[in-house]
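Single-structure report; data block below.
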Amino acid sequence: MKERCAQLTDTDLDKVVAFGHEKEKHATIRWGIWHMADHNRYHQAHINQLRKWYRDSK
1 MKERCAQLTD TDLDKVVAFG HEKEKHATIR WGIWHMADHN RYHQAHINQL RKWYRDSK
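Heads up: the sequence shown begins at 1 in UniProt numbering, then just goes up one per residue.
As structure tokens, then:
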């Protein structure tokens, strides 16, 4: 993924693609990459909190 993303141009990133179960939504590739990264940070924050609670419970 990292290698492929490094090859993308601004034109590639501005391409609009369809997504969703029925391809009913549209977004740029740039937004899609940002959204995946943001969603990952969201889950990582929860993982970190769970680790803290586990450490504190010992």
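Even glycine gets a Cβ: it sits at the ideal position worked out from N, Cα and C.
The structure displayed is predicted, hence computed values, not measured ones.
message: Can you find the residues in the same chain that come closer than 7 Å, C-beta to C-beta, to W53, ignoring five residues on each side of it along the sequence?
response: If we look at W53 and ignore the five residues flanking it on each side, it has no Cβ neighbours.
task: Take every Cβ of the segment 6-14, pair it with every Cβ of the segment 24-42, and state whether three or more of those distances are shorter than 8 Å.
output: These segments touch.
message: Quick check on DSSP: helix, strand or coil for H35?
response: Looking at H35 - three-state DSSP - the assignment turns out to be helix.
field: Limits of the beta strand (DSSP E) - the one that K25 falls within
entry: Start and end: 25-28.
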